[in-house]
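Residue numbers (the working numbering): 1474 to 1930.
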Amino acid sequence: MELFGSYDVVVAGAGITGVVAAVAAARSGARTLLVEGSGVVGGLVTGGRLTKPTGVVNGGIFRELIDRAAGYGGADAATRKTYWGAYTGTFDAEVMQRVILETIAESGAEVLLFAQIVDVVQDAGRVAGLRIRTKSGEKLILAGSTVDASGDGDVAVLAGARFMLGRPEDGLTQPITSYFRLVNVDFPAFAADCAAHPDDMWELHLPDRGGARNEDYVLRFNMTGFVERIRYAQSDGFAWTVPKDHLTIRAGLIPGEVNVNATRVHGNALDDRVRSRAAIEIRRQAYVTFDFLKRYVRGFENAIFLDVAPVVGVRETRRIAGDYVLTEGDVKGEARFADAIGLCNAPIDIHEPGGDKGVMIGVGSGYGIPYRCMLPAGVRGLLVAGRCISVDAVAFGSTRNTPACALTGEAAGYAATIAAARAVEPRDVPLAEIQAALRGNGVLLGVPDDDAVLVPA
1474 MELFGSYDVV VAGAGITGVV AAVAAARSGA RTLLVEGSGV VGGLVTGGRL TKPTGVVNGG
1534 IFRELIDRAA GYGGADAATR KTYWGAYTGT FDAEVMQRVI LETIAESGAE VLLFAQIVDV
1594 VQDAGRVAGL RIRTKSGEKL ILAGSTVDAS GDGDVAVLAG ARFMLGRPED GLTQPITSYF
1654 RLVNVDFPAF AADCAAHPDD MWELHLPDRG GARNEDYVLR FNMTGFVERI RYAQSDGFAW
1714 TVPKDHLTIR AGLIPGEVNV NATRVHGNAL DDRVRSRAAI EIRRQAYVTF DFLKRYVRGF
1774 ENAIFLDVAP VVGVRETRRI AGDYVLTEGD VKGEARFADA IGLCNAPIDI HEPGGDKGVM
1834 IGVGSGYGIP YRCMLPAGVR GLLVAGRCIS VDAVAFGSTR NTPACALTGE AAGYAATIAA
1894 ARAVEPRDVP LAEIQAALRG NGVLLGVPDD DAVLVPA
């Protein structure tokens, strides 16, 4: 088999987790390869239009990306407050794509797209690389350390790691979704309609000033609600076939542009047929939602359907069993850990598996994410980062969000670099060195007796 290359650090998956991990490793001096099966770099934050971090972006490389996007006029870098806590403002997906590509190039990391991972390479029971399939055939990649940032835990499972899936009572997972975009929305009329129905709003964020022009709302409008509006439409005979009882809508970068979160397809996204069906059904639901908005919400009378995000939004699949399982009690109890690699305030955000409802539960000042959650039990030479870290089903509602994913990605990048340079296991990397690298890049760790806070009172 042809050898594609030998690297200090190989990162599997080019979503925000993998991007941050690869940049961290390459900046630290590691020869780094970022491998992605699709043609999209940035995953859901670019191709999926997941442009509002659910939680505060806690320093580090992700914060750099948002600040850089703001420098291009494509992000609201401010910390905003809502009913469940605080979050970092929104950004434009294409501007974020630009700054991600620029940052990767500057770091020196290599990117390989359209490469499917088919197996792991093991050396005496240790993950030592990956087998990939490309248009030119199967190839071999050797790695000093490997980071699984695939979201689904693909590499870890190929290496024999145990995993958890869905709710413990029935195994159901959170539904699949995709954002879609509309343009030519009359924002002043839309905002007035929302403001006139406060009892039907879970949250409503309007511009700090102005409001007479569409331009005033760019990256500054966000709402969640319309439970009663949807019920009214159903009583009025409208065929609301979307299994969701509310909408989230936020303003984009183009005046009059909205990004809509409404679609919901139930099923296990690891099932080939389910994932394929979801990509089709999501579009049907987007068209229904568009028709609903045009008929029942002011400001959408002349709206135009622009597109559906090309990357399907998979919320939940495998959670890899690690040296520690972060629990619901840890997250709700604002736990701190000696091996914490980041303080996270992302809410417990659960879209009801099998149902039409959702909950957002604040976690107060936040909790520390233990490094041990990134170490797959019984597997050597591998770190997991992002959506597939070791957590229980409720804690996952928080850690699946992009601020948490970026924190674990950055920690994995530093840890993998140290492990490769010293030819040691990720478990044997001095924790103090990982934490020092994170602190040096502005990350608040979430360790005991640390009174640092993400949002000043």
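All residues carry an ideal CB built from backbone N, CA and C; glycine is no exception.
Tell me which residue opens and which closes the alpha helix (DSSP H) that G1541 is part of.
Along the sequence shown, one-based indexing puts residue 1541 at 68. Note that residue 1541 is Arg in the sequence shown here, rather than Gly. Here the alpha helix (DSSP H) through R1541 covers G1533 to G1544.
Pull up the distance between the alpha-carbon of A1879 and that of L1927, whole angstroms please.
Counting from 1 along the sequence shown, the entry for residue 1879 is found at position 406. Counting from 1 along the sequence shown, the entry for residue 1927 is found at position 454. A1879 and L1927 have their C-alpha atoms spaced approximately 15 Å apart.
Of the choices A1925, V1738 and V1496, whose alpha-carbon is the least far from that of G1839?
As a working note, residue 1839 is residue 366 in the sequence shown. Checking every option, the nearest Cα to that of G1839 belongs to A1925.
Apply the 10 Å Cβ neighbour rule to P1967 and answer buried if 16 or more other Cβ atoms are within range, or exposed otherwise.
Because the chain is modelled from 1474 through 1930, residue 1967 falls outside the range shown and cannot be assessed.
Which runs of the alpha helix (DSSP H) fall wholly inside the region 1840-1890 and span at least 4 residues, in chain order?
1869-1872, all fully within the region 1840-1890.
For D1643, count neighbouring Cβ atoms within 10 angstroms of its own Cβ and tell me buried if that reaches 16, exposed if not.
Position 170 of the sequence shown, counted from the start, is the residue given in the question as residue 1643. Burial check for D1643: the Cβ neighbour count within 10 Å stays below 16, so the residue is exposed.
Do the region 1554-1573 and the region 1885-1894 make contact, defined as three or more Cβ pairs closer than 8 Å?
When C-beta atoms of the region 1554-1573 are compared with those of the region 1885-1894, fewer than three pairs fall below 8 Å, so the two segments do not count as touching.
In chain order, what residues of the same chain have a beta carbon less than 6 Å from the beta carbon of I1777, not counting five sequence neighbours either side?
Here residue 1777 is taken as the residue at index 304 of the sequence shown, counted from 1. These residues qualify, in order along the chain: V1656 and N1657.
With DSSP as the reference, please indicate the residues paired to D1829 in a beta bridge.
Counting from one through the sequence shown, the residue named residue 1829 turns up at place 356. As computed with DSSP, D1829 is found in no beta bridge at all.
Could you tell me whether the region 1523-1530 touches the region 1808-1827, using the rule of 3 or more Cβ pairs below 8 Å?
The answer is yes - the region 1808-1827 touches the region 1523-1530, with three or more Cβ pairs under 8 Å.
Nonlocal neighbours in the same chain, by C-beta distance under 8 Å from D1565, ignoring five residues either side:
To locate residue 1565, count along the sequence shown from 1; it is residue 92. Correct list, in chain order: T1524, A1542, G1547, A1548, L1692, G1725 and L1726.
Spatially closest choice to G1639 from A1905, T1619, I1590 and T1790, by CA coordinates
As a first step, residue 1639 must be located in the sequence shown, where it is residue number 166. Looking at the Cα atoms, T1790 is the closest of the given residues.
Residue nearest to Y1769 in terms of C-alpha spacing, selected from L1779, V1518 and E1701:
Sequence index remark: in the sequence shown, residue 1769 carries index 296 (1-based). That would be E1701, whose Cα lies nearest to the Cα of Y1769.
By Cβ distance, which residues of its chain are closer than 8 Å to Q1758, with the 5 residues on each side in sequence left out?
Walking along the sequence shown from the start, residue 1758 turns up at place 285. Closer than 8 Å at Cβ, skipping near neighbours: T1714, V1715, A1735, T1736, R1737 and V1738.
Would you kindly report the start and end of the unbroken beta strand (DSSP E) that includes E1475?
One-based indexing of the sequence shown puts residue 1475 at position 2. Where E1475 is concerned, the enclosing beta strand (DSSP E) stretches over E1475 to A1485.
Residue(s) in a DSSP beta bridge with N1695:
Taking the sequence shown and counting its residues from 1, one reaches residue 1695 at position 222. DSSP lists H1678 and R1723 as the beta-bridge partner residues of N1695.
Of the choices R1900, P1849 and N1874, whose alpha-carbon is the least far from that of D1627?
The sequence position of residue 1627 within the sequence shown is 154, counting from 1. Looking from the CA of D1627, the closest CA among R1900, P1849 and N1874 belongs to P1849.
Please determine if the region 1607-1627 and the region 1851-1871 are in contact, where contact requires at least 3 C-beta pairs separated by less than 8 Å.
Touching, per the Cβ criterion.
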